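Participant: Quick one: the structure is below, questions incoming.
2 protein chains.
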Amino acid sequence: MTKADSPSQEDLMKLDNFLCFAIYSTNHAFTRVYKPLLDELDLTYPQYLVMVVLWEKDDQTVGSLGERLFLESSTLTPMLKRLEGMGYITRLRDRTDERQVRVKLTESGRALRKKADRVPHDIASATGMEPAELVRLKQEIASLRTSLLR
Amino acid sequence: MTKADSPSQEDLMKLDNFLCFAIYSTNHAFTRVYKPLLDELDLTYPQYLVMVVLWEKDDQTVGSLGERLFLESSTLTPMLKRLEGMGYITRLRDRTDERQVRVKLTESGRALRKKADRVPHDIASATGMEPAELVRLKQEIASLRTSLLR
DNA sequence: AGGATTTATATCGCGCACGATGTAATCGTG
DNA sequence: CACGATTACATCGTGCGCGATATAAATCCT
Chain W
1 MTKADSPSQE DLMKLDNFLC FAIYSTNHAF TRVYKPLLDE LDLTYPQYLV
51 MVVLWEKDDQ TVGSLGERLF LESSTLTPML KRLEGMGYIT RLRDRTDERQ
101 VRVKLTESGR ALRKKADRVP HDIASATGME PAELVRLKQE IASLRTSLLR
Chain U
1001 MTKADSPSQE DLMKLDNFLC FAIYSTNHAF TRVYKPLLDE LDLTYPQYLV
1051 MVVLWEKDDQ TVGSLGERLF LESSTLTPML KRLEGMGYIT RLRDRTDERQ
1101 VRVKLTESGR ALRKKADRVP HDIASATGME PAELVRLKQE IASLRTSLLR
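Chains W and U are the protein sequences, given in the same order.
Numbered by the working numbering, the letters in the first sequence go through residues 1 to 150 in order.
Numbered by the working numbering, the letters in the second sequence go through residues 1001 to 1150 in order.
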């Protein structure tokens, strides 16, 4: 394929040319980098993301957490039950709308934030990227996500 | 946070500032875009990636597939058994080294490639990105992966 | 040669992640 | 106000994905 040609069918079918595979495999790579850091908090990577959302804004419904994380209730419900079992959150039906479940941090869940303080910095340094560069890449990928979900 | 400051602890802990979450959620978004396309091939997204690797180079070991896809045998073995069950591949112990399992396309597996021909183009157009831009982003993410795995 | 070590794959248990479906509460419309 | 539709969450079945562990074959080392 020269610069002037459009990519051939051969090229299009090569794994190394797949943007999706770059994303897919880098996602796994992130999970591996997080593992030792999160083991100390007794959290999995998806559980950590839930905690981050709750640290940002406590007392949310399952639905609002799902919207924020792009996850379904079928994924969240069991995860939240595990976090509840670990004592980091509570799950209670909303008094005024019994369909909703309000998820709140416990004292222990709030305390965990301090233990997690160094995680973002450690991850950032594992990327080997400059902060500004990192922000730009993050933004590009987020806007790709928007296109894909359209 | 002004331009001159380094990011505060508050900023570092915000989900929307996580590069990893951009990757994580965009990976899910890709899976959703692929779903209707791959349903017609009776493949899941990870199974499709395995087939792409085999279409590139037939007759590989479980180990070489894992190296290519960054997956462990504990993930691949069950996936390959499913693909074998669907008649797309065969799994046979290597005669000269009985530890290895050689994975080969069946006639039906090779034929599937034609049905998959339009998938890469459809995906590319769902990204809404220009080919050159797409290549650049893919490359940036792949090199991030390399940093993370270091 | 032969026992220790390494390598390649498989198995198991756990936790995500989803689509399909179920259930109960709420809303909306006549 | 009643009843059909919608909403919010939960449940179930399937398929990743991994770490820990198992098993068998190949290799290494004297």
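Cβ coordinates follow ideal geometry from the N, Cα and C atoms, glycine included.
Because the structure is a prediction, the values reported are computed rather than measured.
Of all the CB atoms in chain U, is at least one closer than 7 Å to the CB of W/Arg136?
Facilitator: Here residue 136 of chain W refers to the residue found at position 136 of the first sequence. Cβ-Cβ to chain U under 7 Å: no for W/Arg136.
Participant: So, U/Leu1041 versus U/Ala1116, is the Cβ gap smaller than 7 Å?
Facilitator: Indexing the second sequence from 1 puts residue 1041 of chain U at position 41. Indexing the second sequence from 1 puts residue 1116 of chain U at position 116. The answer is yes: Cβ separation under 7 Å.
Participant: How about W/Val53 and W/Leu43: do their beta carbons lie closer than 7 Å?
Facilitator: Locating residue 53 of chain W in the first sequence gives position 53, counting from the first residue. Locating residue 43 of chain W in the first sequence gives position 43, counting from the first residue. Cβ atoms of W/Val53 and W/Leu43: not closer than 7 Å.
Participant: Residues bridged to W/Thr127 by DSSP?
Facilitator: Numbered from its first residue, the first sequence carries residue 127 of chain W at position 127. BP columns for W/Thr127 are empty, so no partner.
Participant: Of the residues U/Ser1147, U/Ala1132, U/Gly1128, which one's Cα is nearest the Cα of W/Leu149?
Facilitator: Taking the first residue of the first sequence as 1, we reach residue 149 of chain W at position 149. Selected option, being the one with the closest Cα: U/Gly1128.
Participant: Check U/Gln1060 in the structure and name its three-state DSSP category.
Facilitator: Indexing the second sequence from 1 puts residue 1060 of chain U at position 60. Note: U/Gln1060 maps to strand in three-state DSSP.
Participant: Starting from W/Leu38, trace the alpha helix (DSSP H) both ways and give me its first and last residue.
Facilitator: Position 38 of the first sequence, counted from the first residue, corresponds to residue 38 of chain W. Segment 19–39, the alpha helix (DSSP H) holding W/Leu38.
Participant: Is the Cβ-Cβ distance between U/Lys1138 and W/Ala22 less than 7 Å?
Facilitator: If you number the second sequence from 1, residue 1138 of chain U lands on position 138. If you number the first sequence from 1, residue 22 of chain W lands on position 22. Yes, Cβ-Cβ distance for U/Lys1138 and W/Ala22 is below 7 Å.
Participant: Could you work out which residue in W/Leu69, W/Asp59, W/Glu140, W/Leu80 is closest to U/Tyr1024 when comparing CA atoms only?
Facilitator: Residue numbering aside, residue 1024 of chain U sits at position 24 when the second sequence is read from its first letter. It is W/Leu69 whose Cα lies nearest to the Cα of U/Tyr1024.
Participant: Give a yes or no on whether the C-beta atoms belonging to U/Thr1026 and W/Arg145 are separated by under 7 Å.
Facilitator: For the purposes of this step, residue 1026 of chain U is taken as the residue at position 26 of the second sequence. For the purposes of this step, residue 145 of chain W is taken as the residue at position 145 of the first sequence. In contact: U/Thr1026 and W/Arg145 (Cβ atoms closer than 7 Å).
Participant: With a 10 Å radius around its C-beta and 16 neighbouring C-beta atoms as the bar for buried, classify W/Gln9 as buried or exposed.
Facilitator: By 1-based counting over the first sequence, the position of residue 9 of chain W is 9. Counting Cβ neighbours within 10 Å, W/Gln9 comes out exposed, since fewer than 16 surround it.
Participant: Cα separation between U/Pro1046 and W/Thr96?
Facilitator: Along the second sequence, read from residue 1 onward, the residue named residue 1046 of chain U stands at position 46. Along the first sequence, read from residue 1 onward, the residue named residue 96 of chain W stands at position 96. The straight-line gap from Cα to Cα measures roughly 43 Å.
Participant: Residues of chain U with CB closer than 8 Å to the CB of W/Thr127, please, in chain order.
Facilitator: Taking the first sequence and counting its residues from 1, one reaches residue 127 of chain W at position 127. What W/Thr127 touches in chain U: Leu1019, Leu1144, Ser1147, Leu1148.
Participant: I think U/Arg944 touches U/Leu1092, with their Cβ atoms under 8 Å apart; what is that distance to the nearest whole Å?
Facilitator: With chain U running from 1001 to 1150 in the structure shown, residue 944 of chain U is simply not present.
Participant: By the criterion of Cβ-Cβ separation under 8 Å, what are the contact partners of W/Arg68 in chain U?
Facilitator: The residue you call residue 68 of chain W lines up with position 68 of the first sequence. Residues of chain U passing the Cβ test: Leu1015.
Participant: In angstroms with no decimal places, state the Cα-to-Cα distance between U/Pro1007 and W/Ala132.
Facilitator: Stepping through the second sequence from its first residue, residue 1007 of chain U is reached at position 7. Stepping through the first sequence from its first residue, residue 132 of chain W is reached at position 132. One C-alpha to the other measures close to 10 Å.
Participant: State buried or exposed for W/Gly109, treating a residue as buried only when at least 16 other CB atoms are found within 10 Å of its CB.
Facilitator: Here residue 109 of chain W corresponds to residue number 109 of the first sequence, with the count starting at 1. Looking at its Cβ environment, which holds 16 or more other Cβ atoms inside 10 Å, W/Gly109 is buried.
Participant: Once you ignore the five residues that flank U/Thr1090 on each side, which residues in its own chain have a CB closer than 7 Å to its CB?
Facilitator: Taking the first residue of the second sequence as 1, we reach residue 1090 of chain U at position 90. If we look at U/Thr1090 and ignore the five residues flanking it on each side, its Cβ neighbours are Glu1084, Lys1104, Thr1106.
Participant: From W/Thr31 to U/Met1079, what distance separates their C-alpha atoms?
Facilitator: Mapped onto the first sequence, residue 31 of chain W falls at position 31. Mapped onto the second sequence, residue 1079 of chain U falls at position 79. W/Thr31 and U/Met1079: Cα-Cα distance of roughly 21 Å.
Participant: Using 7 Å as the limit for Cβ to Cβ distance, is W/Tyr24 near chain U?
Facilitator: For this step, residue 24 of chain W is matched to residue 24 along the first sequence. W/Tyr24 counts as touching chain U.
Participant: Just how far apart, CA to CA, sit W/Tyr34 and W/Pro120?
Facilitator: Within the first sequence, residue 34 of chain W is the residue found at index 34, counting from 1. Within the first sequence, residue 120 of chain W is the residue found at index 120, counting from 1. Taking the straight line joining both Cα atoms gives about 10 Å.
Participant: Distance, Cα to Cα, W/Pro36 vs U/Lys1114?
Facilitator: Within the first sequence, numbered from 1, the residue matching residue 36 of chain W stands at position 36. Within the second sequence, numbered from 1, the residue matching residue 1114 of chain U stands at position 114. Roughly 43 Å separates the two Cα atoms.
Participant: Let me make sure I understand the geometry here. Which of W/Lys57, W/Asp58, W/Gln100, W/Glu56 has the alpha-carbon closest to that of W/Thr77?
Facilitator: By one-based count along the first sequence, residue 77 of chain W stands at place 77. Measuring from the Cα of W/Thr77, the nearest candidate turns out to be W/Gln100.
Participant: DSSP three-state call for W/Arg102: helix, strand or coil?
Facilitator: As a working note, residue 102 of chain W is residue 102 in the first sequence. The answer is strand: DSSP assigns W/Arg102 an E or B state.
Participant: Beta carbons nearer than 7 Å to chain W: which residues of the segment 1086–1097 of chain U have them?
Facilitator: For the segment 1086–1097 of chain U, which is checked against every Cβ of chain W, not one residue is closer than 7 Å.
Participant: Determine the extent of the alpha helix (DSSP H) in which U/Thr1077 is found, giving its start and end residues.
Facilitator: As a working note, residue 1077 of chain U is residue 77 in the second sequence. Where U/Thr1077 is concerned, the enclosing alpha helix (DSSP H) stretches over 1073–1085.
Participant: Hey, how far is the Cα of W/Glu72 from the Cα of U/Tyr1088?
Facilitator: Locating residue 72 of chain W in the first sequence gives position 72, counting from the first residue. Locating residue 1088 of chain U in the second sequence gives position 88, counting from the first residue. Computed Cα separation, rounded: 32 Å.
Participant: Under 7 Å Cβ-Cβ, which residues of chain U neighbour W/Leu65?
Facilitator: Residue mapping note: residue 65 of chain W aligns to position 65 of the first sequence, counting from 1. Within 7 Å Cβ-Cβ: nothing; W/Leu65 doesn't reach chain U, min ~11 Å.
Participant: To the nearest whole angstrom, what separates the beta carbons of U/Cys1020 and W/Ile123, a pair I think is in contact under 8 Å?
Facilitator: The residue you call residue 1020 of chain U lines up with position 20 of the second sequence. The residue you call residue 123 of chain W lines up with position 123 of the first sequence. Sure, about 6 Å apart at Cβ, within 8 Å.
Participant: Going by DSSP in three states, U/Arg1095 sits in which element: helix, strand or coil?
Facilitator: Mapped onto the second sequence, residue 1095 of chain U falls at position 95. Reduced to three states, the DSSP call for U/Arg1095 is coil.
Participant: Tell me where the alpha helix (DSSP H) around U/Asp1011 begins and ends.
Facilitator: Here residue 1011 of chain U refers to the residue found at position 11 when the second sequence is read from its first residue. Its alpha helix (DSSP H) spans residues 1009–1012.
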